[in-house]
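Chemist:
Residue numbers (the numbering used here): 95 to 471.
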């Protein structure tokens, strides 16, 4: 004879169930209900009289007590155990009807009420646990999605950092080539042309004027190449640090845009890691170029405030300003790619960027870097 798989599974679960304290609590509650229904089974004790207690008979109290194991089983073990407890309660109450000398309508109603209430409690608890399970699953999915989003954001920051590093390395390489190759070739051309003009006694005045114009053009191109090289990667930033680089930058842009730029230093100046200094320099460079190109302001202020725990770089103007978005992250969507690039750069060094602007009242860019993680050793 082949034993059904469900029976084998029940047998395997039996020892585990017998070790469960909740199972024995349910059994004890059922035992109390049985004693209230059949007190005559207790030896050496006279049967309890079914006198009223709180306007309830002993049988009524016994039936109400049977709701306890039904509810407890449904709460601890779930719907199947709760329905099994309802069945057990019916089996406990049913024989007692035949032992009563007179069956009243109250007895039948009470039994039916216990069954209905037991079923309602089971269904309500099942619904509660199902909803709770669904909420837990939704929370688990949400936490998984949040972890995945955090991982993607970390990867994105890593890729942005690598891209920024690659951009700066490429800027450094191009600046070096412009300085060492292109600029030097232009210097040689300028000197040779100057020497040729000096020796050209047989040249006509028109030829000499033409060559002198060409000489001036080469010198002007040389100046532009050197400026491009410095803009791409100023050697003063690598050699002397952030503060001298900002002083050089304000001097150059003041001449280029015919704008008065005032630089102020507060606190004891100090060096930062190369990456931090580069980010702060690029933000100052981008901000001042925006002022010169778009703000229509003849005055700008650059302030570098060194305090014991942080350093704050502020670039301010009194130009035409603009209406910034509620979130800095929306700058790219508004076409403010330069400002959006500032935000990305600041995040790479763990700093904070704040941009305030009002139409007709100018713009202020504030970069805050906590020195605990960025002080150069």
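Cβ atoms here follow ideal geometry from the backbone N, Cα and C, with glycine treated the same way.
Just checking my contact of residue 287 with residue 315 at CB under 8 Å: how many whole Å lie between their CB atoms?
Modeler: In fact, because the Cβ distance is near 12 Å, the residues do not count as touching under 8 Å.
Chemist: So, with DSSP's three-state summary, where would you put residue 127?
Modeler: Helix at residue 127.
Chemist: Have a look at the DSSP bridge pairing and note the partners of residue 447.
Modeler: Note: residue 447 sits in a beta bridge opposite 461.
Chemist: Keeping to the same chain, check which residues put their C-beta closer than 6 Å to that of residue 147; ignore five residues upstream and five downstream.
Modeler: Per-residue confidence for residue 147 stands at a pLDDT of 45, beneath the threshold of 50, marking its modelled position as unreliable; the derived number appears in the next sentence. Cβ within range, chain order: n/a, list empty.
Chemist: I'd like to check one pair, residue 353 with residue 312: are the Cβ atoms closer than 9 Å?
Modeler: Going by C-beta atoms, residue 312 is not nearer than 9 Å to residue 353.
Chemist: Confirm, please, whether the CB-CB distance from residue 408 to residue 382 is below 9 Å.
Modeler: In this structure, residue 408 does not lie closer than 9 Å to residue 382 by Cβ.
Chemist: Answer with buried or exposed for residue 212, where buried requires no fewer than 16 other C-beta atoms within 10 angstroms of its C-beta.
Modeler: Buried, since its Cβ has 16 or more Cβ neighbours within 10 Å.
Chemist: From residue 309 to residue 323, what distance separates their C-alpha atoms?
Modeler: The straight-line gap from Cα to Cα measures roughly 21 Å.
Chemist: Just tell me which of 403, 415, 300 has its CA closest to the CA of residue 394.
Modeler: Ranking the options by Cα distance to residue 394, first place goes to 415.
Chemist: List the DSSP bridge partners of residue 398.
Modeler: Paired residues: 359, 407.
Chemist: What residue from 163, 129, 261, 175 has the CA that sits closest to residue 369's CA?
Modeler: Checked all of 163, 129, 261, 175; the closest Cα to residue 369 is 261.
Chemist: Taking 8 Å as the cut-off, does the stretch 291–300 touch the stretch 240–260 (at least 3 CB pairs, one atom from each stretch)?
Modeler: Contact fails: fewer than three Cβ-Cβ distances are below 8 Å.
Chemist: Name the DSSP beta bridge partners of residue 456, please?
Modeler: DSSP lists 452 as partners of residue 456.
Chemist: Does the stretch 124–133 come close enough to the stretch 169–176 to have 3 or more Cβ pairs within less than 8 Å?
Modeler: Contact between the stretch 124–133 and the stretch 169–176 is absent, because fewer than three Cβ pairs lie under 8 Å.
Chemist: Nearest-angstrom Cα distance between residue 339 and residue 346?
Modeler: Roughly 11 Å separates the two Cα atoms.
Chemist: Taking the C-alpha atoms as reference points, what is the distance between residue 149 and residue 219?
Modeler: In this prediction, residue 149 scores a pLDDT of 49, lower than 50, which makes its location untrustworthy; no coordinate-derived value is stated.
Chemist: Kindly confirm or deny that the stretch 360–379 and the stretch 297–306 touch, where touching means at least three C-beta pairs closer than 8 Å.
Modeler: As far as the Cβ criterion goes, the stretch 360–379 does not touch the stretch 297–306, which means the pair count is below three.
Chemist: Closer than 8 Å is the cut-off here; do at least three beta carbon pairs connect the stretch 224–234 with the stretch 177–192?
Modeler: Touching, no.
Chemist: Look at the alpha carbon of residue 447 and the alpha carbon of residue 440, and state the distance between them as a whole number of angstroms.
Modeler: The straight-line gap from Cα to Cα measures roughly 7 Å.
Chemist: Just mark residue 385 as buried or exposed, buried being the case when its beta carbon has 16 or more other beta carbons within 10 Å.
Modeler: By the neighbour-count rule (16 or more Cβ atoms within 10 Å), residue 385 is buried.
Chemist: Please report how far the alpha carbon of residue 348 lies from the alpha carbon of residue 342, in whole angstroms.
Modeler: Each residue's Cα considered, the two are about 10 Å apart.
Chemist: Candidates 245, 189, 165: which alpha carbon is nearest residue 117's?
Modeler: If we check each option's Cα against that of residue 117, 165 comes out closest.
Chemist: Between residue 371 and residue 335, which are expected to be in contact by the criterion C-beta below 8 Å, what is the C-beta distance as a whole number of angstroms?
Modeler: 6 Å between Cβ atoms; contact.
Chemist: Compare the Cα-Cα distances from residue 377 to each of 160, 126, 435 and report the closest residue.
Modeler: Residue 435 is the option with its Cα nearest to residue 377.
Chemist: In this structure, does DSSP put residue 110 in helix, strand or coil?
Modeler: Residue 110 falls in the helix class under three-state DSSP.
Chemist: By Cβ distance below 8 Å, which residues in the same chain neighbour residue 290 in space, the five residues on each side in sequence not counted?
Modeler: Taken in chain order, the residues that qualify are 305.
Chemist: Exposed or buried, what is residue 110 when buried is set at 16 or more other beta-carbons lying within 10 Å of its beta-carbon?
Modeler: Residue 110 should be labelled exposed.
Chemist: So what does DSSP say about residue 414, is it helix, strand or coil?
Modeler: Looking at residue 414 - three-state DSSP - the assignment turns out to be coil, as it is neither helix nor strand.
Chemist: Can you name, in chain order, every residue of its own chain whose Cβ lies under 6 Å from the Cβ of residue 120, other than the five neighbours on each side?
Modeler: Around residue 120: 163, 166, 167.
Chemist: Is residue 354 helix, strand or coil when you go by DSSP?
Modeler: In this structure, residue 354 counts as strand in the three-state DSSP scheme.
Chemist: Based on DSSP bridge pairs, tell me the residues matched to residue 393.
Modeler: Per DSSP, 354.
Chemist: What span of residues does the alpha helix (DSSP H) with residue 275 cover, start to end?
Modeler: That residue, residue 275, is in no alpha helix (DSSP H); it is neither H nor E in DSSP.
Chemist: Rounded to a whole number of angstroms, what is the C-alpha to C-alpha distance between residue 209 and residue 246?
Modeler: So the two alpha carbons sit approximately 55 Å from each other.
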